[in-house]
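All remarks here apply to the structure that follows.
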Amino acid sequence: MVQTNLKPTIVSDSNFDLNTYLERKKELVEKALDESLPIGKPEKIYEAMRYSLLAGGKRLRPILCLATAELLGEKQNTAMATACALEMIHTMSLIHDDLPAMDNDDYRRGKLTNHKVYGEDIAILAGDGLLAYAFEYVAENTKNIPAERIVKVLAILGKAVGANGLVGGQVMDLDCEGKSDVTAEILTTIHRNKTGALLEACVSSGAVLAGASSEDLSRLSIYAQNIGLAFQIIDDILDVTATTEELGKTAGKDLSAQKATYPKLWGIETSQAKAEELVKDAVAQLAVYGEKALPLQAIAEYIVRRKN
Ligand code: FPP
Ligand code: MG
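The working numbering applies: residue 61 is where the sequence shown begins, and numbers increase by one.
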């Protein structure tokens, strides 16, 4: 069930506080996610799906979708099913990313990874189950807007997941492991697909649900592409500078797995400066919206100063 009586968030220049905003939105998203996936049969697979879907995290992707829909005047409950679906897709990509056949990680969001708890067979199927359910959930639970917007959102999600998005980015990422000749251009393509594509889908799906004009869509896509890349640059930096406790996943993994990263190519300082420049360009896209865009602006700025 999707929430039906959510209050809109009122934002004004004088009282906007990002922490409060993120806390409130996260609370709504957690509740909606919990309600989105009740235990069914066979219980084992539902438990495995819920284990990772409800493992916490920043919930940045759903929040971006809700914030974009609200920026363009849509009620956040209209976008809640899509917001949940984006988190389902993100979660399934992490379950599969952590598998022994890929990054072979034991911890995620401060908990044992899905395959460590349920076994590899169930972890693969839990990921598949979440991916399929994401599309079903949007189609079944998005109410009170024209069907063509919902079809567009389904297409956006499919494109972000596929060989031109997460899947393609992950293939390139795995191919580049252990290689010393990965250029900044290749690395940027990997990250634009592996991380950027879904972040862009969060923003563009929220925009489409709100009936965005083509001008809105192109501005907001540029915003999202920039914050997507900045997000990944900071991820690479945190892998070197943060602890396992701070990250909730094994720190230093990029180095031990011989991954290509921005700090390896440019050093930490230049990488940080590059991320800040990307965020500045992202925020510039929001100027036309005035103070209504404060949440998206603050989220972009948060991305470069986050610690996990
Ligand atoms: C984490 O990256 C992984 C991703 C952002 C996505 C991985 C994509 C897949 C496994 C494809 C999933 C399949 C479908 C159908 C969507 P990372 O390893 O750099 O970060 P980490 O340190 O958090 O693991
Ligand atoms: Mg990984």
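Glycine included, each C-beta is placed from N, C-alpha and C at the ideal position.
Item: Unbroken alpha helix (DSSP H) runs of length 4 or more, entirely within the stretch 288-347: which are they?; Value: 304-307, 313-316, 322-326, 328-344
Item: For A284, which residues from the same chain have a beta carbon less than 6 Å from its beta carbon, with the 5 sequence-adjacent residues on both sides left out?; Value: L259, E260, V263
Item: Can you list, in chain order, the residues of its chain with a C-beta nearer than 7 Å to that of L307? Leave out the 5 residues immediately preceding and following it.; Value: L298, N368
Item: When we look at the beta-carbon of P323 and count the other beta-carbons within 10 Å, is it buried (16 or more) or exposed?; Value: buried
Item: I'd like the list of long-range same chain contacts for V242, defined as Cβ closer than 6 Å, with 5 residues on each side in sequence excluded.; Value: C236, A320
Item: Check for me: the alpha helix (DSSP H) holding N201 runs from which residue to which?; Value: 180-201
Item: List in chain order: all unbroken alpha helix (DSSP H) runs of 4+ residues lying wholly within the stretch 89-146.; Value: 103-113, 120-131
Item: Using the rule of at least 16 other Cβ atoms within 10 Å of the residue's Cβ for burial, across every protein chain shown, is E147 buried or exposed?; Value: buried
Item: Classify I99: buried if its beta carbon has 16 or more other beta carbons within 10 angstroms, exposed otherwise.; Value: exposed
Item: Answer yes or no: do A127 and I359 have a C-beta to C-beta separation smaller than 8 Å?; Value: yes
Item: Please confirm whether any heavy atom of the ligand MG lies closer than 7 Å to the CB of D166.; Value: no
Item: Measure the alpha-carbon distance for G229 versus G350 and round it to whole angstroms.; Value: 34 Å
Item: Cβ-heavy atom distance between K309 and the ligand FPP below 7 Å?; Value: yes
Item: Measuring alpha carbon to alpha carbon, tell me which of E95, G288, A215, V177 ends up nearest F195.; Value: A215
Item: Where do the N-terminal and C-terminal ends of the alpha helix (DSSP H) with L217 fall, by residue?; Value: 207-221
Item: By DSSP's criteria, K171 is part of a beta bridge. Which residues make up the other side?; Value: R168
Item: Select from A108, M140, T248 the residue whose C-alpha is nearest the C-alpha of R121.; Value: M140
Item: Give me every residue whose Cβ sits closer than 5 Å to any heavy atom of the ligand MG, in chain order.; Value: D157, D163
Item: Pair every Cβ in the stretch 155-172 with every Cβ in the stretch 106-115, then say whether three or more of these pairs are closer than 8 Å.; Value: yes
Item: Among residues of its own chain, excluding the 5 on either side of G116, which ones have a beta-carbon nearer than 7 Å to its beta-carbon?; Value: R169
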